[in-house]
Amino acid sequence: MEAMKGWEWLARGLVLSVLVGLPLGLWTADRAWNGSARWWIARIPESGGWQPPTLEVRAGEEIRLRVTSADVVHGLSIPGLGISVTVEPGKVREIRLRPERPGRYRVICTVVCSPRHGEMIGELVVRPPGGGPVPEIEAASDGAFLFQTYCAACHGPQGEGRVGPALNATGRVPQMDDATLREIIRQGRPGTAMPAWGERLSEAEIEALIRFLRELVREPSRP
Amino acid sequence: MVVRGMARAFVYPRLELTRWSPLRRLVKHRAFQFMLILPNLAVFVLVLAAAFLGTPVGNRNFAIIFVWIVWWAALIVLLIPLAGRIWCAMCPIPAPGEWLQRLAIVARRPGRPFTLGLSWPRALRNIWLQNGTFLAVALFSAIILTRPLATGIVLTLFIGLALLLSLLFERRVFCRYVCPVGGFIGLYAMVAPLELRVKDPQVCVTHKEKDCLRGNAKGYPCPWMAYPGNLWRNIDCGLCTECLKACPKENVGIFLRPFGQDLLLARAPGWKGRSLDEAYKAFIMLSCALIYSAVYTGPWGFLKEWANLSDPAGFALYAAGFLGLNLIGLPGVFLIAVALARWIARAEIPLRRLFVELAYALVPLGLTGWIAFTLSFVLVNISYAIPLLSDPLGRGWDLLGTASHPWTPYMPELVPLLQLPFLWLGLAVSIGLAFRIAQQNLEDAAKARRALLPIASFMTLIVLLFQRLYLG
Chain A
82 MEAMKGWEWL ARGLVLSVLV GLPLGLWTAD RAWNGSARWW IARIPESGGW
132 QPPTLEVRAG EEIRLRVTSA DVVHGLSIPG LGISVTVEPG KVREIRLRPE
182 RPGRYRVICT VVCSPRHGEM IGELVVRPPG GGPVPEIEAA SDGAFLFQTY
232 CAACHGPQGE GRVGPALNAT GRVPQMDDAT LREIIRQGRP GTAMPAWGER
282 LSEAEIEALI RFLRELVREP SRP
Chain B
1181 MVVRGMARAF VYPRLELTRW SPLRRLVKHR AFQFMLILPN LAVFVLVLAA
1231 AFLGTPVGNR NFAIIFVWIV WWAALIVLLI PLAGRIWCAM CPIPAPGEWL
1281 QRLAIVARRP GRPFTLGLSW PRALRNIWLQ NGTFLAVALF SAIILTRPLA
1331 TGIVLTLFIG LALLLSLLFE RRVFCRYVCP VGGFIGLYAM VAPLELRVKD
1381 PQVCVTHKEK DCLRGNAKGY PCPWMAYPGN LWRNIDCGLC TECLKACPKE
1431 NVGIFLRPFG QDLLLARAPG WKGRSLDEAY KAFIMLSCAL IYSAVYTGPW
1481 GFLKEWANLS DPAGFALYAA GFLGLNLIGL PGVFLIAVAL ARWIARAEIP
1531 LRRLFVELAY ALVPLGLTGW IAFTLSFVLV NISYAIPLLS DPLGRGWDLL
1581 GTASHPWTPY MPELVPLLQL PFLWLGLAVS IGLAFRIAQQ NLEDAAKARR
1631 ALLPIASFMT LIVLLFQRLY LG
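Here the protein sequences come in this chain order: A and B. Note that my numbering has the first sequence beginning at 82, numbered continuously upward. Note that my numbering has the second sequence beginning at 1181, numbered continuously upward.
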């Protein structure tokens, strides 16, 4: 009987270890692996888009950004910081960054992930180290980066055309004037998959893109 | 060792494993079942953590991969065919309720159990409820099997219900009458070559104290509410070994035996004989194996979409088809086959009786159908488990250095070569069993042979359907 009492207490201890110790162990393991990492979870816009939609960091501070997708393949791109990675479902990508310049950086998805893919916009807010208002960032002037970020998923990395038409010398860009291109980028093409980028791209970014498209026509292998 | 004579049930060769004293000592130890449950309880906690806190991506979530691929494959391909209800002995779901009832985990605590101790309603002392709970889970399987949160909710409901029922009712009524998994494990456990039985039923007849039923200082009364003296079929025994511990006559053992003996049993003392609820379980399991094969391995993507609740109207159609085939379609076609068999054999046995009796012949075919279906996805998907050993919650850990192990389908070209022998083995065994059952009921080998024709045709048709689904 005494021996059985010993077994009973041992069993109680083991059950307690499993019910309390195991969750505690998981929590500890997560602290060890993820520590101070910040998370961005990608979901198609129909399910909420980037979660959280806005991430705030302090300028000059190094952050570990861990990104994962909860549904399909996405591409995380922060054009203003030169970041672009593919995010596969359930896999965790780690990005280390130290944004020096305060401002509001747009975060987009570079893989056509759903019918409302174009709405998948998030924001990385980099606050000044000493506090104060967050300044607006000047438009990114790198047309090639903007093209890879916003256009390449549909039009191909060389502008050779995929879901969308070719934008290189073989396409119709050479026949279009800047005003027409500007209009298409701003308003989209109703009845096609081409979204309206007018609310997401600034005038300067649209101009940088148009300049790049012209270069693409002249030098097709540029990207 | 051959045990003969005492009861009609044991006229088959049996080898008592518990004659080997280390094994006997082990199973008689009060901590034996706890030692089986504990590792599964740990995995269960991990499963719930992954289901509720882990990534919602199914193939990167421990709950989905370890429950619906690793555990399921182990259950269907190994545990049930070889060891019957052994999973019921190690299942963690009813454990908290039972420990609470006993106010002890391993010790034999005397006194009144912590429960209202209500008796389970007589009308529900069968597996109809288990048929219903299984159908309810199976109908939503496309959701439950792919979404970790849904898996977590279902498992939490199971453990909650088991706990609640143990507080209200005596012993393990959840396992015996409610658990959707326990229902089919019991049915297919009758095939297994492992049994817990009395050594000599006559000893039980003369033993007045019935410690196995009432319990004693060494063991609790049978949690499955079975009387080992009248235990003839694995479906009624959860292999908890309480009777083995309690029996003062050392008259209970664990035996190896030929496969499928319980299915040959026609009558035995204290057993009411083959019944419609169990017959229907055989139909439901066979129908579900066919439906799952069509939905998950067939070329009809729309079926998967419907089952996945993508479109309410589509799901309504799927649900109607699913329930219709389970409850009416397959049993209906089988009824026609039995009616033909009865007519060809000029038999006088009531049609309903023959229908129930012969339905048991579908059990081996159903089991091999499930094995074939399980093989269709387990070899292809089991490699998803490797990265999850390092990162069970999908949080970017790499505990064992396997987190980036790629998905690797193992021997996909061999899958049909493994499936077909199982299906045809199941068919051969089922036809043989149908003949034996027909003989038991028609009491004439010639009549039984004639009756076999439509039944064997029905079974062959089922195998051809499986084959068509797997080979295209």
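Backbone N, C-alpha and C define an ideal beta-carbon position, used for all residues, glycine too.
Query	Result
So E1375 of chain B and N1414 of chain B are in contact, right, with Cβ under 8 Å, and what is the actual spacing, rounded?	6 Å
In three-state DSSP terms, what is E1666 of chain B?	Lying before the first or after the last residue shown, residue 1666 of chain B is absent from chain B, which here runs from 1181 to 1652.
Within 8 Å (strictly less), CB to CB, does P1212 of chain B reach chain A?	Just to set this straight, residue 1212 of chain B is Phe in the shown sequence, not Pro. Output row for F1212 of chain B: interface = no.
Tell me where the alpha helix (DSSP H) around R1522 of chain B begins and ends.	L1510 to I1524
Within 8 Å (strictly less), CB to CB, does L100 of chain A reach chain B?	yes
Which residues does DSSP pair with H155 of chain A in a beta bridge?	A:V168
Could one say the Cβ of N1396 of chain B lies closer than 8 Å to chain A's Cβ atoms, at least one of them?	no
Can you tell me whether F1482 of chain B is buried or exposed? The criterion is at least 16 other CB atoms within 10 Å of its CB, across all chains shown.	exposed
Is it buried or exposed, P1381 of chain B, if we count other Cβ atoms within 10 angstroms and call 16 or more buried?	buried
Along the beta strand (DSSP E) that carries A1303 of chain B, what are the first and last residues, could you check?	Where A1303 of chain B is concerned, there is no enclosing beta strand (DSSP E), given that its DSSP letter is neither H nor E.
Taking the alpha-carbon positions, what's the T1326 of chain B to T1235 of chain B distance?	12 Å
Using a cut-off of 8 Å between C-beta atoms, extract the partners of I1333 of chain B located in chain A.	Those do not exist, as I1333 of chain B stays about 17 Å from chain A at its closest Cβ, beyond 8 Å.
Hey, which unbroken runs of the beta strand (DSSP E) at 3 residues or more fall wholly within the segment 1367-1417 of chain B?	1374-1378
Between H267 of chain A and C235 of chain A, what straight-line distance do the alpha-carbon atoms span, to the nearest angstrom?	Note on residue identity: the sequence assigns Arg, not His, to residue 267 of chain A. Each residue's Cα considered, the two are about 16 Å apart.
Give the single residue among B:C1355, B:L1641 and B:P1274 whose Cα lies nearest to the Cα of G1606 of chain B.	B:L1641
Taking the straight line between their C-alpha atoms, what separation do you get for L1503 of chain B and A1469 of chain B?	13 Å
Do we get a CB-CB distance below 8 Å when we pair M85 of chain A with the residues of chain B?	yes
Express the C-alpha separation of A285 of chain A and A225 of chain A in angstroms, rounding to a whole number.	14 Å
So the beta strand (DSSP E) S150 of chain A belongs to, where does it begin and stop?	I144 to S150
Is it true that the segment 1349-1360 of chain B meets the segment 1311-1327 of chain B, where meeting means three or more beta-carbon pairs spaced less than 8 Å apart?	yes
Helix, strand or coil for W120 of chain A, going by three-state DSSP, please let me know.	strand
In three-state terms, what does DSSP make of A1448 of chain B?	strand
Is the distance from the Cβ of I123 of chain A to the Cβ of D223 of chain A below 8 Å?	The sequence given here places Ala at residue 123 of chain A; Ile does not occur at that position. It is not a contact, given that the beta carbons lie outside the stated cut-off.
Using 10 angstroms around the beta-carbon of M1591 of chain B, count the other beta-carbons present and answer buried if the total reaches 16, otherwise exposed.	exposed
Just to make sure I have the definition right: I need the residues of chain B whose C-beta is within less than 8 Å of the C-beta of A151 of chain A. Which are they?	T1235, P1236 and V1237
Mapping DSSP to helix, strand and coil, what is E286 of chain A?	helix
Under 8 Å, do M1465 of chain B and G1366 of chain B count as touching if we go by C-beta distance?	no
Any beta-carbon of chain A closer than 8 Å to the one on V1225 of chain B?	yes
Check distances from the C-beta atoms of the segment 94-118 of chain A to those of chain B and list, in chain order, the residues that come in under 9 Å.	L95, V96, S98, V99, L100, L103, P104, L107, A110, D111, A113, W114, N115 and A118
Any beta-carbon of chain B closer than 8 Å to the one on R197 of chain A?	no
Where does the unbroken alpha helix (DSSP H) through R185 of chain A begin, and where does it stop?	No alpha helix (DSSP H) holds R185 of chain A; the beta strand (DSSP E) holding it covers G184 to C190.
With burial defined as no fewer than 16 other Cβ atoms inside 10 Å of the residue's Cβ, what is the status of I1516 of chain B: buried or exposed?	exposed
Measuring alpha carbon to alpha carbon, tell me which of B:I1285, B:A1369 and B:R1526 ends up nearest A92 of chain A.	B:I1285
Going by DSSP, what residues sit across from Q132 of chain A in a beta bridge?	A:I122
Which residues of the segment 1282-1308 of chain B have a Cβ closer than 9 Å to any Cβ of chain A? Give them in chain order.	A1284, I1285, V1286, A1287, R1288 and R1289
Tell me, please, whether the segment 127-138 of chain A touches the segment 201-210 of chain A by the rule of three or more beta-carbon pairs shorter than 8 Å.	yes
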